[in-house]
Amino acid sequence: MIYKIHKTKIYIYILSFVVIVLLVSTVDAVKNMTQLPSNSVAASDGALATFFNPAGVACRSDFELCYLRTYDGSSKGDDALFVAAAKSGLGLEFIEMEDDVSFKRYTVTNATRLLGSLYLGTSYSWINASLADYGRSNYRNYDNFSSWSMGLMFRRNNLSIGTVARDLNRPILVGGRTYDFGIALRPNTSRITFSLDLRKVENTNGIEIRYGLDIRPMDFLTFRSGYWNDKNFDIRFGVNLGYMGLGAFHAFLPSKKLKTGVSEFRISQLSRTKSRRKIFLDIEMSEIDYLLQIVKDDPSVVGVLVRIGGSDVGIAQMQERRNLLKQLVDSGKEVICYGKICSTGAYLLASASSQIFFHPLGTLDLVGVRSEPMFLRPLMDKLGVHSDFERIGKYKSAIERFARSEMSEVYREQTNNLIDDIYTQIIQMIAEGRNWAPKQVEGLVDKGPFTAKQALENKLVDKLVYEDEIEELIGRRKSNLVKGDRYFGQAYHEYNWRIGVSKIAVIHAVGDMITGKSFANPFTGGVFMGSDTITGAIRSVREDNSIKAVVLRIDSGGGFVLAADEIWRELQLLKQVGKPLIVSMGDTAASGGYYIATLADQIIAEPSTVTGSIGVFTGRLNLKGLYDKIGIKKEIIKRGKNADFYSDYSDYSETHRQAMRASVEEIYDGFVAKVADGRGMTKEEVDQVARGRVWTGRQAHKIGLVDQLGGLDLALSVAREKAGLMGQQVELVSLPQATWLYGLLNNILSLDLGVLDIISRQKQVSQQLSRDRVFLMASYNLHVRD
3 MIYKIHKTKI YIYILSFVVI VLLVSTVDAV KNMTQLPSNS VAASDGALAT
53 FFNPAGVACR SDFELCYLRT YDGSSKGDDA LFVAAAKSGL GLEFIEMEDD
103 VSFKRYTVTN ATRLLGSLYL GTSYSWINAS LADYGRSNYR NYDNFSSWSM
153 GLMFRRNNLS IGTVARDLNR PILVGGRTYD FGIALRPNTS RITFSLDLRK
203 VENTNGIEIR YGLDIRPMDF LTFRSGYWND KNFDIRFGVN LGYMGLGAFH
253 AFLPSKKLKT GVSEFRISQL SRTKSRRKIF LDIEMSEIDY LLQIVKDDPS
303 VVGVLVRIGG SDVGIAQMQE RRNLLKQLVD SGKEVICYGK ICSTGAYLLA
353 SASSQIFFHP LGTLDLVGVR SEPMFLRPLM DKLGVHSDFE RIGKYKSAIE
403 RFARSEMSEV YREQTNNLID DIYTQIIQMI AEGRNWAPKQ VEGLVDKGPF
453 TAKQALENKL VDKLVYEDEI EELIGRRKSN LVKGDRYFGQ AYHEYNWRIG
503 VSKIAVIHAV GDMITGKSFA NPFTGGVFMG SDTITGAIRS VREDNSIKAV
553 VLRIDSGGGF VLAADEIWRE LQLLKQVGKP LIVSMGDTAA SGGYYIATLA
603 DQIIAEPSTV TGSIGVFTGR LNLKGLYDKI GIKKEIIKRG KNADFYSDYS
653 DYSETHRQAM RASVEEIYDG FVAKVADGRG MTKEEVDQVA RGRVWTGRQA
703 HKIGLVDQLG GLDLALSVAR EKAGLMGQQV ELVSLPQATW LYGLLNNILS
753 LDLGVLDIIS RQKQVSQQLS RDRVFLMASY NLHVRD
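Residue numbers (our numbering): 3 to 788.
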C-alpha cells in the first residue's frame with residue numbers, strides 16, 4: 003500500500019512545526035497575559051475549542067493551529083498558541099499577572115462523540131511559574147495551580163447547544179467554579195450564526211450574558227461580533243487564504259474606548275476557500291470508480307480527461323465505469339478519452355465520452371470477446387496424473403480442465419451463451435455511444451484491430467493528437483488541466499455543522515475463497531478472500547450501532563465451501579440484528595460468490611456480470627503414475643477401511659465414491675435451499691436454473707436470481723432507502739481495512755515483507771488443498787482486456 007500526502011499539507015506541517023519551535027524558544031521574552039477573542043461555547047470547534055469548550059474539539063478531526071498576539075491595549079505583547087487534531091487539543095499561554103508574577107499555562111484537551119450528535123470533552127490546565135519570581139507572595143499559588151474542566155455539546159444541522167463547567171477542582175486562584183451555557187442557531191445557512199451565552203460564577207451575584215453574531219458573506223471573509231450585558235462589546239474580522247487565515251479582534255469598553263486588540267494567525271489541514279478557476283481533470287481509468295459523486299456537483303470542474311489503455315478490470319466493472327462517465331456527460335460535463343493502446347473493454351468505456359482523442363501512432367484493439375479455457379488432461383496423461391472428481395450439475399465445468407482434453411458439449415453451449423450475451427451488450431453500448439447502428443459496429447469489430455489513422459478514417463476516434471497538444475486543446479476551453487491525484491487530494495473545511503452521521507459499510511469480498519486470512523500474490527496477481535478476514539469485517543459492522551446498512555461488494559468465482567459457509571453464517575447473524583444487506587456484484591459473483599449473496603435483501607448486478615453456477619464438486623488427483631515415472635514408490639499401511647480416503651497414491655474405491663457423492667449431494671441440497679429461501683423460489687424452481695449453470699447478470703435478472711441491474715452507486719442508493727437515510731448525510735465505511743502497522747512495514751520493507759507474507763499464505767492454501775476438497779467454484783474467464 004502506498005500512502006500519498008499532498009504537497010500543500012506537507013508545507014503546512016513544516017510551517018506549523020517551525021512556528022511551535024520559535025514560540026517555545028522565545029518563552030523567556032514573553033511577558034503579558036493573553037486575551038482571547040470571545041466566542042460562544044455552542045459554536046466553538048477546532049483549535050480554540052481547547053479553551054472555550056473542550057467538547058468542540060471532537061466536532062472536527064482535522065489539524066488546526068492558531069497563534070494569537072495582543073498588539074494593542076493594556077495587554078500589548080500577549081501570546082498564545084492552540085493546536086487541535088484527532089479530537090485532542092493543546093494550549094500554551096504565556097502570562098504575567100498584575101502582581102508581576104509571570105508563568106506559563108498549559109492545557110491539554112481530549113474529546114469524544116458519546117452518541118449521535120452529543121460530544122463530551124475534558125481539559126486539564128496547570129501552571130509553571132517563572133523561577134525569576136520565586137519568593138513573591140503569590141508564587142506558590144501560581145506554581146501549584148491546576149484546573150479540571152468539562153464540556154458537553156449537542157449539535158444538529160442548524161442548532162448547537164454547549165455547556166462547560168470550569169475549575170471543577172476549585173483551584174486556589176479562582177473564586178469558585180464557573181458554569182457556561184450557550185445556544186447557537188443558523189437560519190438554514192452556515193453563513194449566519196446567532197448565539198446566546200450565559201455565565202454564572204460561584205459566590206458572585208448575577209449572570210453574565212453575551213449576544214453573538216457571526217457572518218460569512220464569502221468563504222474568504224468572516225465577521226464576528228459580541229455584545230455583553232455590561233455593555234462591553236467586541237468585533238472580529240478574518241480573511242481566509244486557503245490553508246491559512248489572518249484575523250483581528252478588538253474589545254471595547256462601554257465608553258467605546260479600545261480595551262485590547264488581538265491578531266490571529268491560523269494554519270489548517272483543510273482549505274477554507276475553493277479555487278474559482280475552471281479546471282479540467284486529468285485522470286486514469288482506475289480513478290473513475292470514485293469520480294462521479296465528487297465531480298458531478300463541483301461547478302469548478304468543467305470536464306474530465308480520461309486516459310484509456312488496457313483494461314485493468316473485467317467487462318462488468320468496465321460497464322459500471324462507463325455508466326458513471328455517461329452520468330457525468332448527462333450532467334453537462336465534457337468528457338474526453340485519450341488513448342495510445344486501447345483494448346475492446348477500454349473502447350467500450352470511451353464510447354460514453356463526448357470525444358475520443360488518440361495518439362497518431364496508437365493502436366485500437368477493437369477485436370471483440372473471447373474465452374480461452376485451458377485443458378490439462380493431455381499433460382496429466384504424459385505425467386501419469388489421473389483426476390478423480392464428483393460433481394452435482396452437468397454444467398459444473400470447473401473440473402473439465404483436469405478431466406478432459408477439450409470442451410464438453412454442455413461446456414461449449416454455456417460458454418457460447420455467455421459470450422453471445424456479453425458481445426451483444428458491448429455492440430449495443432458502443433452503437434449507442436457513437437450513434438451508430440449495431441450492424442455497423444459489428445462490421446467495424448470484424449475489421450479490427452486498427453491503427454490510429456484507420457480508427458480516425460472509420461470515425462472510431464475523433465482526433466489524433468500528441469500528448470503535449472492535449473493541454474493546449476484543453477486551454478482553449480478556458481480551463482486548466484489538473485491531475486486527478488492532486489484534485490482528489492484536496493480537502494476543504496466543512497462549514498456546515500457536522501452531526502453524528504449514520505454510516506453505510508461497503509464490505510469488499512474479492513478473490514478465491516479460502517479459510518483464514520485474505521492475501522494477494524503480486525507475482526501472479528491472484529487474490530485470496532480469507533473467511534476470517536471477511537467474517538471479522540462483518541462482525542465489526544454488526545456490533546457498530548452507527549452503521550445502519552451494509553453493501554456486500556462481491557467479485558469472486560467461489561472457492562472452498564467451508565469458507566463460503568463461514569461468511570454466509572456471519573451474514574445471517576448480521577441480518578438478525580435488522581441491518582439491511584444489499585449485494586453489489588462486480589465482474590463475477592458465481593458459485594461460492596452467489597452462495598454468500600443469498601441472504602441479501604436485494605441483489606444488484608451489472609448486465610455483463612458472470613453469476614449463478616449453483617453447484618458443487620469435489621475430488622483429488624491420483625499421482626501414482628507420476629511417482630512411478632520419477633522413481634518414487636509408496637506403500638500404504640492403514641487401520642480403518644477408509645484411512646486412505648485422501649491418499650494421492652490410488653483412485654477412489656466405490657465405497658469412497660459413494661461417500662463423496664453423498665457429501666456433494668448434501669451440500670448441493672443446502673445450497674439450493676439457501677437460494678430458494680433468499681429468492682422466494684421453490685427448490686424445484688432453483689434446481690431448474692442451477693446444476694452449475696452460469697448466467698450473465700442480464701439473464702440472471704430475467705430468471706429471478708438478481709433483483710436489479712446496476713452498479714455500486716445503485717446499491718448504495720438502495721441501502722440508503724432500506725435504512726431510511728434518504729436525504730441525510732451518510733458516511734461510507736470501506737472494509738476490510740489493512741492495519742496501519744502492516745501498511746507502514748510493507749512500505750519500509752517493500753517486496754521483502756510481501757515475499758514473506760506470500761510464502762506463509764501459500765503454505766496456508768496448500769494445507770487447505772490437502773485437507774478440504776469440496777468446492778463452490780466457477781471457471782469462466784472472458785477476455786476483453788487485450
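Ideal Cβ placement from N, Cα and C applies to all residues, glycine included.
Of the residues the options, the one placed nearest residue i, counting alpha carbons only
i	options	result
R279	I97, V484, L466	V484
R436	N460, A493, V677	N460
N41	L381, R201, S355	R201
P39	I97, D64, D236, D383	D236
D390	D650, Y69, N325, R274	D650
V691	S655, T346, Q416, Q731	Q416
Y497	I509, N190, W150	N190
T109	V85, Q574, G364	V85
A167	Y181, L161, R157, R158	Y181
R107	F96, A113, I296, T114	F96
E568	R544, R157, I584, I540	I540
D314	A51, L573, I290	I290
R695	V666, L458, G614	G614
A511	G491, T535, Y489, M287	T535
L368	G240, D646, A661, G445	G445
F377	Y413, R188, F254	Y413
G316	Y648, V688, G627, S610	S610
Residues that residue i bridges to, as DSSP identifies them
i	result
I338	L307, Q357
Q604	I584
F251	R238, V264
V203	T180
A507	V552, V735
M155	Y121, G164
M211	The displayed chain sequence assigns Ile, not Met, to residue 211. Bridge partners of I211: L200.
A86	E66, G91
G680	DSSP output for G680 lists no bridge partner at all.
L223	M220, V241
E392	T620
V344	Reading the sequence as shown, one finds Cys at residue 344 and not Val. Beta-bridge pairing links C344 to L366.
L466	F360
S558	A591
K106	F96, N130
M246	L243, I269
Anticipated Cβ contact below 8 Å, residue i with residue j, distance rounded
i	j	result
R393	G118	Rounded, the Cβ-Cβ distance is 52 Å, inconsistent with contact.
I556	A591	4 Å
Exposure label - residue i; buried when at least 16 CB within 10 Å
i	result
I639	exposed
L243	exposed
Y468	exposed
L154	buried
D81	buried
E204	exposed
L70	buried
A45	buried
K9	Any reading at K9 must be qualified, since the residue scores a pLDDT of 48, below 50, and its modelled position is unreliable; no value is offered.
S148	exposed
D284	buried
F225	exposed
A599	buried
Check: residue i C-beta below 7 Å from any heavy atom of the ligand FAD
i	result
I549	Looking for the ligand FAD in the displayed structure turns up nothing, as the structure carries no ligands at all.
Open item on the list: Contact between the segment 213 to 221 and the segment 185 to 196 is defined here as three or more beta-carbon pairs at a separation below 8 Å; is this criterion met?
Closed with: yes
- [ ] Give a yes or no on contact between the segment 501 to 520 and the segment 547 to 554, applying the rule of three or more CB pairs nearer than 8 Å.
- [x] yes
- [ ] Count the CB pairs spanning the segment 710 to 724 and the segment 417 to 432 that are closer than 8 Å, and state whether there are at least three.
- [x] no
TODO: Evaluate the contact criterion for the segment 262 to 271 versus the segment 291 to 306: three or more CB pairs, one atom per stretch, below 8 Å.
DONE: no
Task: Contact between the segment 722 to 739 and the segment 691 to 706 (3+ Cβ pairs under 8 Å) - done: no
TODO: Evaluate the contact criterion for the segment 364 to 376 versus the segment 319 to 329: three or more CB pairs, one atom per stretch, below 8 Å.
DONE: no
Open item on the list: Across the segment 610 to 627 and the segment 398 to 405, are there enough close Cβ pairs to call them in contact, namely three or more that are closer than 8 Å?
Closed with: yes
Open item on the list: If contact is defined by three or more beta carbon pairs under 8 Å, each pair taking one atom from either stretch, is the segment 657 to 666 in contact with the segment 571 to 586?
Closed with: no
TODO: Taking 8 Å as the threshold, find out whether the segment 625 to 636 comes into contact with the segment 647 to 661 through three or more Cβ pairs.
DONE: yes
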